[in-house]
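To convert, take the position in the sequence shown, counting from 1, and add 418; that gives the working numbering.
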Amino acid sequence: MRKYGFNTISLLGLCTLFIQCASEEKPNIILIMADDQGWGDMGYNGHPAIKTPNFDSMASSGLRFDRFYAAAPVSSPTRGSVLTGRNPNRFGCFSWGYTLRPQEITVAEALKSAGYVTGHFGKWHLGPVRENSPVNPGNSGFDHWCSSPNFFDNDPILSREGKAVQTYGESSMVTADAAMEFIRAQTDKKKPFLAVVWFGSPHNPYSAMEHDREFYAGEEERMQHYLGEITGMDRAVGKIRREIKTLGISENTILWFCSDNGGLAGFSATGGRGAKGQIYEGGLRVPAIMEWPARIPENKVSDFPSFTSDIYPTLLEIAGVTMKAQTPLDGISLVQLIDNKIRTREKPMGFWQFPARGKVTPSAKLMAELLKEQEAGLTEVADSLPDSDAGEIKIKYDGDLYPGHSAWLDWPYKLHRIDSENREPLFELYNLETDPGETNDLSASMPEKVISMKKGIEAWLKSVVNSLNGDDYI
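Written as structure tokens, this is what we have:
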């Protein structure tokens with residue numbers, strides 16, 4: 419399946435790809451994501467010092483996911499999984515700084531076919547945010563965008579539909595303000611909307627406002643900034659929650675928060691062994707909460723295993739959209755979980771950390787260059803842009819080789835497959851229900867379980883390689 423020559427799809431073109439079902443009034447959707455916030459970096463998850471009153475309020479009123487995972491242990495791949503419902507290796511987004519493929523159908527494009535107006539605000543990290551990039555937010559389904567190529571600090575230069583704009587203020591509040599401008603406009607027009615709000619906090623280097631650092635005066639300076647950035651982000655989330663109530667739309671608005679990966683080692687309270695960059699629990703398990711008063715009237719705490727690849731199929735079902743020819747999905751719809759109609763996950767969750775170095779995309783430098791070019795009246799040449807060839811598949815990968823570290827989570831067991839060029843893969847098996855810290859390897863004592871799960875993960879890995887090689891776009 420091709421996406422119309424990799425160009426932006428028209429609304430008419432979108433409608434040929436999807437089937438829309440008649441349904442009740444469509445909810446508004448706000449997807450919020452933190453940047454490098456560990457599972458334990460929340461007041462409601464027991465952090466001894468952190469101030470997160472708005473997140474705590476969400477966790478006590480909505481659906482709290484206590485077993486939620488990022489699809490990858492680093493930024494760009496997880497963000498790609500949110501937009502597509504697919505493991506990011508399927509479209510070559512191996513590590514931070516890699517892009518979407520223009521051929522991928524995103525949740526923004528899907529929801530546009532159902533009448534949604536779509537907006538992206540904050541960190542993009544799936545390609546350049548220049549006007550002519552084939553993988554900017556606009557060419558990925560977003561009608562409006564005020565975005566940064568990577569994480570950003572206070573007083574950022576952001577790209578508003580390709581035009582560099584100097585903004586001022588704490589980074590999370592700047593992002594929330596841009597999102598609320600969009601939300602107010604769509605509310606006035608009585609249009610359902612998708613607002614993707616991806617904060618640049620609490621990514622290193624940390625730079626909290628002084629009034630947020632004051633909460634943590636007893637901590638060493640860098641930790642003050644780290645915790646302070648999370649508190650600043652919490653305040654921005656609180657502003658969004660208050661304003662949608664003021665607008666009278668909170669009852670039928672989905673507010674879904676998560677982090678993009680586990681926290682940085684040494685600073686974050688991770689969700690187990692390891693940290694950002696690893697597919698042990700500490701690199702993947704993240705905080706997540708959904709508020710939707712119309713459908714979730716009372717607080718619920720769920721241990722149902724779920725991850726960021728579930729967001730796309732969940733939102734499509736809620737909006738009544740079905741792909742006519744859906745590429746392989748790794749996520750499942752969580753609508754039955756929302757409605758208390760499911761207790762066990764039948765489909766395992768796969769993770770694969772491909773051995774690829776990340777690509778440096780310094781936001782401040784890139785955006786300052788763009789602003790300078792625009793002030794000088796320079797014009798972009800589309801085919802000279804970074805990642806202008808993002809849709810090309812230049813390498814065919816061996817369908818029987820799966821380098822790097824992968825994992826297969828079939829609750830409660832998690833099988834790790836650790837590949838090496840010089841030896842057969844190593845396997846580690848953990849029971850996360852009894853051993854959430856992944857300290858007791860059961861592979862020697864449960865060989866039959868290893869064999870059965872090995873078949874599952876290797877069949878899945880083969881499917882991912884087929885997608886990576888372009889089979890889904892034929």
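Built from N, CA and C at the ideal position, the CB exists for glycine as well.
Cβ pair residue i, residue j closer than 8 Å
i: I672; j: W616; result: no
i: Y644; j: F685; result: yes
i: L879; j: Y820; result: yes
i: T517; j: A808; result: yes
i: P854; j: G690; result: yes
i: S781; j: F473; result: no
i: L847; j: L827; result: no
i: L747; j: L529; result: no
i: I648; j: T470; result: yes
i: E856; j: E699; result: yes
i: T726; j: D890; result: no
i: P723; j: M651; result: no
i: G480; j: I658; result: no
i: S625; j: D571; result: yes
Inter-residue Cα distance where the pair is residue i and residue j
i: L702; j: A489; result: 7 Å
i: F539; j: L665; result: 20 Å
i: G464; j: G458; result: 7 Å
i: D805; j: G515; result: 10 Å
i: S590; j: K581; result: 20 Å
i: I447; j: W674; result: 8 Å
i: E793; j: H621; result: 30 Å
i: I813; j: V882; result: 14 Å
i: F845; j: S861; result: 7 Å
i: Q771; j: K608; result: 42 Å
i: E443; j: P731; result: 18 Å
i: N705; j: E810; result: The sequence given here places Pro at residue 705; Asn does not occur at that position. Between P705 and E810, the C-alpha separation is close to 35 Å.
i: A440; j: F512; result: With a pLDDT of only 49 at A440, under the threshold of 50, the placement of this residue in the model should not be trusted, and no figure is reported.
i: R713; j: I756; result: 8 Å
i: F769; j: S493; result: 14 Å
i: A526; j: S863; result: 46 Å
i: L788; j: L796; result: 9 Å
i: G874; j: V868; result: 10 Å
i: S885; j: S619; result: 32 Å
i: M641; j: A635; result: 10 Å
i: W542; j: E866; result: 43 Å
i: G822; j: L576; result: 35 Å
i: G656; j: G888; result: 42 Å
i: P773; j: R835; result: 13 Å
i: E735; j: V753; result: 7 Å
i: V583; j: A603; result: 20 Å
i: P843; j: D454; result: 29 Å
i: K777; j: G695; result: 14 Å
Of the residues the options, the one placed nearest residue i, counting alpha carbons only
i: D476; options: I836, S668, E810; result: Here residue 476 turns out to be Met, not Asp, going by the sequence shown. Per the Cα distances, S668.
i: A654; options: L844, E842, E637, D595; result: D595
i: P546; options: L803, E842, E856, E846; result: L803
i: I760; options: L733, S558, G855, S720; result: S720
i: G537; options: R631, G636, A597; result: A597
i: S677; options: N858, S499, D606, D889; result: S499
i: E876; options: G503, A603, A825; result: A825
i: G738; options: N758, G533, Y462, I450; result: G533
i: M871; options: K765, R841, P466; result: K765
i: L449; options: G695, C564, R497, A613; result: A613
i: A683; options: P491, A452, Y487; result: P491
Three-way DSSP call (helix, strand, coil) for residue i in this model
i: A654; result: helix
i: I523; result: coil
i: D484; result: coil
i: H543; result: coil
i: M627; result: coil
i: E856; result: coil
i: D571; result: coil
i: I760; result: coil
i: K581; result: strand
i: M460; result: coil
i: F424; result: Only weak support is given to the placement of F424: the predicted model assigns it a pLDDT of 27, under 50, and the value that follows is read from those uncertain coordinates. Three-state result, F424: helix.
i: I447; result: strand
i: K783; result: helix
i: A706; result: strand
i: N557; result: helix
i: W878; result: helix
i: H643; result: helix
i: A594; result: helix
Beta-carbon separation (whole angstroms), residue i vs residue j, contact threshold 8 Å
i: K718; j: R482; result: 7 Å
i: D728; j: I697; result: With 8 Å as the limit, D728 and I697 do not qualify as a contact, their Cβ atoms being about 17 Å apart.
i: T779; j: P567; result: 5 Å
i: N554; j: R548; result: 6 Å
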